[in-house]
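Engineer: Counted from 1, the first sequence has number 326 at position 159 by the working numbering; the numbering is strictly sequential.
Even for Gly, the Cβ is constructed at its ideal location relative to N, Cα and C.
Please read all numbers here as calculations on a predicted model, not as lab measurements.
Mind having a look at this structure? Questions to follow.
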Amino acid sequence: MSLNYKIQKKLIGKLGRVGILETAHGVIETPAFVIVGTKATVKSLNPEQIKEAGAQVVLANTYHLYLQPGDEAVKKMGGLGKMMNWKGPTMTDSGGFQVFSLGAAYKKGISKILHPVDPSLMIPERFDDSDAPRLAKIGQDGVSFTSHLDGSIHYITPEKSIQIQHNLGADIIFAFDECTSPTEDLKYQTEALDRTHAWARRSLEEHNKLEGQKKHSQVSLHLTRTNRSENPPKVFSDSPQFLFGIVQGGREESLRKKSAKFISGVEVDGKGFDGFGIGGSFAKEDMSTAVKWVNEILPEDKPRHLLGIGEPEDLFMGIENGVDLFDCVLPTRLGRNGTLYTKTGKIHIENVEFRLDTNPVEFDCQCYTCKNYSRAYISHLFRGKEMLAGTLASIHNVYFLVNLVKQIRQSILDDKFEEYKKEFLGKYKTYEK
RNA sequence: GCGCCGGUCGUAUAGCGGCUAUUACAGGAGACUGUAAAUCUCCCACCCUAUGGGUAUCGUUGGUUCGAGUCCAACCCGGCGCA
Numbered sequence: 168m169s170l171n172y173k174i175q176k177k178l179i180g181k182l183g184r185v186g187i188l189e190t191a192h193g194v195i196e197t198p199a200f201v202i203v204g205t206k207a208t209v210k211s212l213n214p215e216q217i218k219e220a221g222a223q224v225v226l227a228n229t230y231h232l233y234l235q236p237g238d239e240a241v242k243k244m245g246g247l248g249k250m251m252n253w254k255g256p257t258m259t260d261s262g263g264f265q266v267f268s269l270g271a272a273y274k275k276g277i278s279k280i281l282h283p284v285d286p287s288l289m290i291p292e293r294f295d296d297s298d299a300p301r302l303a304k305i306g307q308d309g310v311s312f313t314s315h316l317d318g319s320i321h322y323i324t325p326e327k328s329i330q331i332q333h334n335l336g337a338d339i340i341f342a343f344d345e346c347t348s349p350t351e352d353l354k355y356q357t358e359a360l361d362r363t364h365a366w367a368r369r370s371l372e373e374h375n376k377l378e379g380q381k382k383h384s385q386v387s388l389h390l391t392r393t394n395r396s397e398n399p400p401k402v403f404s405d406s407p408q409f410l411f412g413i414v415q416g417g418r419e420e421s422l423r424k425k426s427a428k429f430i431s432g433v434e435v436d437g438k439g440f441d442g443f444g445i446g447g448s449f450a451k452e453d454m455s456t457a458v459k460w461v462n463e464i465l466p467e468d469k470p471r472h473l474l475g476i477g478e479p480e481d482l483f484m485g486i487e488n489g490v491d492l493f494d495c496v497l498p499t500r501l502g503r504n505g506t507l508y509t510k511t512g513k514i515h516i517e518n519v520e521f522r523l524d525t526n527p528v529e530f531d532c533q534c535y536t537c538k539n540y541s542r543a544y545i546s547h548l549f550r551g552k553e554m555l556a557g558t559l560a561s562i563h564n565v566y567f568l569v570n571l572v573k574q575i576r577q578s579i580l581d582d583k584f585e586e587y588k589k590e591f592l593g594k595y596k597t598y599e600k
């Protein structure tokens, strides 16, 4: 069984395209902004609110759900989507990002995007900080994690990650990879890439094996059903799952291209990946070139997901360079922390200028928050530390980014991508200082 | 009127003779990109030629001391009790 992805229209002269991706739990119109729900919940939003904000698909996290409540528990509750009452498509990240965030980046203030203000981190040669405290340590064939919840040790291999993801039961799952820090030197990036490639093959192997078993179990379920028709078995977590391989390689052109070739070419028993993730922690200026290098090589007929990326300017960049899926924590994290997206840039709703501002966050925004509440009220909720603050702010931010990608998609269908890009980015002020 | 207790940043506090007056909240601003995040950082007496420098300040005024928010006295204000 292969993942059904159809291209509807291409962006002339660029790598961009508009398409449709079919999963067992519904269709994803691409390009699409995937909403992050790490622990099987989009923080502060219930599924009705996620849907009303326009989100099509939710991405949860393998490592976090493995630790709590445990993948077996999720399976027992009917799988990720059933458990969290999200009826649409779901995805799970493999835990590869935690190799970075709990490893090399642990307690260092380094994150997914390396800002140009801290060039001190871009030292030419990798300093030896293997003694630095970290919760993830890379071993020969997997990663040793120290649980941030109770200090227990867990060794995650590619096979283990895939097994967990099959128990979680998301429609689209990811190969176990190592997200590297942009501060690593070429030697380390090369070693890490070899590791990620070896892990990709092993992930694929395990996935193919488990998918094969699943078909058998579906047949047997079917047989049972004919015998005892009054109690149909739950087949939810037995729906087909599709595996995306992840391209890494840091900022190095040769490594990125090598990775794109390897990941798109690797096969186990004649079967390769159903789609691709593009991973890594970037310096902002490296991102567009890296995406372009990779997407020029990846097969056109399979979907591509730019992992963890999310600012408006990044979405335009990604889409015109052939990205179909984005996911990012920004709308919900910024929302909870009082920052709201507007067409002219981000605002801090707690700032004194909004305290008595009875306008909506944005006049022409169709989200639930903007249709019903004022800036002053939301500012008040944040100042009062009320729970509804994060909810209303997240609803707006999710709507803003999801809708932005939908608008970009429509602009491609209408042959107006360049105009729309120019119009939007002309008004939108990214933060500069 | 007498007695007791107390007056430290907007508020609440720490401080018990030793040099930079603590902490929290409130207030002001910022950060956040496959979520260890409803989190974190900075500012919050005044002045300046502002990655630094200067001057203040613990109700008021005196006093003791090398040195006082801290000890003493008087006064002012508040609370409680007794008349």
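Could you tell me the alpha carbon to alpha carbon distance between A271 and E478, rounded to whole angstroms?
Structural biologist: Sequence index remark: in the first sequence, residue 271 carries index 104 (1-based). Sequence index remark: in the first sequence, residue 478 carries index 311 (1-based). So the alpha carbons of these two residues sit roughly 24 angstroms apart.
Engineer: Quick check on L507: buried or exposed, where buried means 16 or more other Cβ atoms within 10 Å of its Cβ?
Structural biologist: Counting from one through the first sequence, the residue named residue 507 turns up at place 340. Buried is the call here.
Engineer: Pick out whichever of S328, Q223, V194 has its Cα sitting closest to the Cα of L203.
Structural biologist: Start at 1 with the first residue of the first sequence, and residue 203 comes out as number 36. Contrary to the premise, residue 203 reads as Val rather than Leu in this sequence. Of the candidates S328, Q223, V194, the one whose C-alpha sits nearest the C-alpha of V203 is Q223.
Engineer: On the criterion of 16 or more Cβ atoms from any shown chain inside 10 Å, does T525 qualify as buried, or is it exposed?
Structural biologist: Residue 525 sits at position 358 when you count from the first residue of the first sequence. Exposed, because fewer than 16 other Cβ atoms sit within 10 Å of the Cβ of T525.
Engineer: For N518, tell me which candidate among E345, G502, C534, A543 has the shortest Cα-Cα distance.
Structural biologist: By 1-based counting over the first sequence, the position of residue 518 is 351. Nearest C-alpha to N518: A543.
Engineer: Just the Cα atoms here: how many angstroms apart are G437 and Y566?
Structural biologist: For the purposes of this step, residue 437 is identified with residue 270 of the first sequence, where counting begins at 1. For the purposes of this step, residue 566 is identified with residue 399 of the first sequence, where counting begins at 1. In a straight line, the C-alpha of G437 is about 41 angstroms away from that of Y566.
Engineer: Classify A359: buried if its beta carbon has 16 or more other beta carbons within 10 angstroms, exposed otherwise.
Structural biologist: Here residue 359 is taken as the residue at index 192 of the first sequence, counted from 1. Counting Cβ neighbours within 10 Å, A359 comes out buried, since at least 16 surround it.
Engineer: Nearest-angstrom Cα distance between L226 and L555?
Structural biologist: Stepping through the first sequence from its first residue, residue 226 is reached at position 59. Stepping through the first sequence from its first residue, residue 555 is reached at position 388. So the alpha carbons of these two residues sit roughly 23 angstroms apart.
Engineer: Pull the bridge partners of T190 from the DSSP assignment, please.
Structural biologist: Taking the first residue of the first sequence as position 1, residue 190 is located at position 23. In DSSP, T190 forms a bridge with G193.
Engineer: Let me check understanding here. Comparing Cα to Cα, which of C495, D581, I464, V458 lies closest to I476?
Structural biologist: Along the first sequence, read from residue 1 onward, the residue named residue 476 stands at position 309. Answer by Cα proximity: C495.
Engineer: Assuming R184 contacts G489 (C-beta within less than 8 angstroms), just tell me the rounded distance between them.
Structural biologist: In the first sequence, counting from the first residue as 1, residue 184 sits at position 17. In the first sequence, counting from the first residue as 1, residue 489 sits at position 322. Confirmed, about 7 angstroms.
Engineer: Does DSSP put R522 in a helix, in a strand, or in coil?
Structural biologist: Numbered from its first residue, the first sequence carries residue 522 at position 355. It is coil, neither helix nor strand.
Engineer: Counting Cβ pairs closer than 8 angstroms, one from the stretch 371-379 and one from the stretch 296-307, do we hit at least three?
Structural biologist: Counting Cβ pairs under 8 angstroms, fewer than three are found: no touch.
Engineer: What three-state label does DSSP hand R576 in the structure shown?
Structural biologist: Position 409 of the first sequence, counted from the start, is the residue given in the question as residue 576. Of the three classes helix, strand and coil, the one that applies to R576 here is helix, per DSSP.
Engineer: Could you check whether W460 and R423 sit closer than 9 angstroms to each other, using their CB atoms as the reference points?
Structural biologist: Along the first sequence, one-based indexing puts residue 423 at 256. Along the first sequence, one-based indexing puts residue 460 at 293. Result yes, Cβ atoms of R423 and W460 sit closer than 9 angstroms.
Engineer: Determine the burial state of R395: buried for a count of at least 16 other Cβ atoms within 10 Å of its Cβ, exposed for fewer.
Structural biologist: The residue labelled residue 395 in the question sits at position 228 within the first sequence. Bear in mind that a pLDDT of 45 at R395, under 50, signals an unreliable position, so the number given afterwards is only what the model happens to contain. Result: exposed.
Engineer: Could you give the distance in angstroms between the alpha-carbon of F440 and the alpha-carbon of R368?
Structural biologist: Indexing the first sequence from 1 puts residue 440 at position 273. Indexing the first sequence from 1 puts residue 368 at position 201. About 10 angstroms.
Engineer: Please classify I320: is it buried, with 16 or more other beta-carbons within 10 angstroms of its beta-carbon, or exposed?
Structural biologist: Your numbering for residue 320 matches position 153 in the first sequence. When all chains shown are included, I320 counts as exposed.
Engineer: From E215 to L559, what distance separates their C-alpha atoms?
Structural biologist: Looking up residue 215 in the first sequence gives position 48. Looking up residue 559 in the first sequence gives position 392. Looking at the two C-alpha atoms, the distance is approximately 13 angstroms.
Engineer: Roughly how many whole angstroms lie between the Cα atoms of N252 and L473?
Structural biologist: Within the first sequence, the letter at position 85 stands for residue 252. Within the first sequence, the letter at position 306 stands for residue 473. Using only the alpha carbons, I get a separation of about 26 angstroms.
Engineer: Whole angstroms is fine: what's the gap from N570's alpha carbon to G221's?
Structural biologist: Indexing the first sequence from 1 puts residue 570 at position 403. Indexing the first sequence from 1 puts residue 221 at position 54. Rounded to whole angstroms, N570 to G221 spans 7 angstroms at the Cα level.
Engineer: Is the CB-CB distance between V414 and S426 below 9 angstroms?
Structural biologist: Taking the first residue of the first sequence as position 1, residue 414 is located at position 247. Taking the first residue of the first sequence as position 1, residue 426 is located at position 259. The answer is yes: Cβ separation under 9 angstroms.
Engineer: Does the distance from the C-beta atom of S448 to that of T347 stay below 9 angstroms?
Structural biologist: On the first sequence, residue 448 is found 281 positions in, with the first residue counted as 1. On the first sequence, residue 347 is found 180 positions in, with the first residue counted as 1. In contact: S448 and T347 (Cβ atoms closer than 9 angstroms).
Engineer: For G180, name the three-state secondary structure that DSSP assigns.
Structural biologist: Taking the first residue of the first sequence as 1, we reach residue 180 at position 13. Coil, per DSSP.
Engineer: Relative to the alpha-carbon of N228, which residue among H192, E219, V201 has its alpha-carbon at the smallest distance?
Structural biologist: Translated into positions along the first sequence, residue 228 becomes position 61. It is V201.
Engineer: Let me know the beta strand (DSSP E) ranges lying completely inside the stretch 311-381, each 3 residues or longer, listed in chain order.
Structural biologist: Entirely contained in the stretch 311-381, the beta strand (DSSP E) runs reaching 3 residues are, in chain order, 320-323, 339-341.
Engineer: Tell me the residue span of the beta strand (DSSP E) that contains D298.
Structural biologist: Here the question's residue 298 lines up with position 131 in the first sequence. Run containing D298: none; DSSP gives neither H nor E here.
Engineer: Three-state secondary structure (DSSP) at Q175?
Structural biologist: In the first sequence, residue 175 corresponds to position 8, counting from 1. Looking at Q175 - three-state DSSP - the assignment turns out to be strand.
Engineer: Where does L281 fall in DSSP's three states?
Structural biologist: Against the first sequence, residue 281 aligns to sequence position 114. If DSSP states are grouped into helix, strand and coil, L281 belongs with the strands.
Engineer: If you reduce the DSSP assignment to three classes, tell me which class I413 lands in.
Structural biologist: As a working mapping, residue 413 is identified with position 246 in the first sequence. Note: I413 maps to strand in three-state DSSP.
Engineer: So the beta strand (DSSP E) L492 belongs to, where does it begin and stop?
Structural biologist: Start at 1 with the first residue of the first sequence, and residue 492 comes out as number 325. Unbroken beta strand (DSSP E) run through L492: 492-495.
Engineer: With DSSP as the reference, identify every bridge partner of M258, one or two as the case may be.
Structural biologist: As a working note, residue 258 is residue 91 in the first sequence. DSSP, once it has assigned bridges, lists L226, I339 as partnering M258.
Engineer: Quick one, which of T363, K354, G237 has its alpha-carbon nearest S314's?
Structural biologist: Against the first sequence, residue 314 aligns to sequence position 147. The option with the nearest alpha carbon to S314 is G237.
Engineer: Whole angstroms is fine: what's the gap from S455's alpha carbon to D481's?
Structural biologist: Counting from one through the first sequence, the residue named residue 455 turns up at place 288. Counting from one through the first sequence, the residue named residue 481 turns up at place 314. So the alpha carbons of these two residues sit roughly 8 angstroms apart.
Engineer: Please classify M168 as buried or exposed, where buried requires at least 16 neighbouring CB atoms within 10 angstroms.
Structural biologist: Position 1 of the first sequence, counted from the first residue, corresponds to residue 168. Answer is exposed; the Cβ neighbour count stays below 16.
Engineer: What separation, rounded to the nearest whole angstrom, lies between the Cα atoms of I430 and A240?
Structural biologist: The residue labelled residue 430 in the question sits at position 263 within the first sequence. The residue labelled residue 240 in the question sits at position 73 within the first sequence. The alpha-carbon atoms of I430 and A240 are separated by roughly 32 angstroms.
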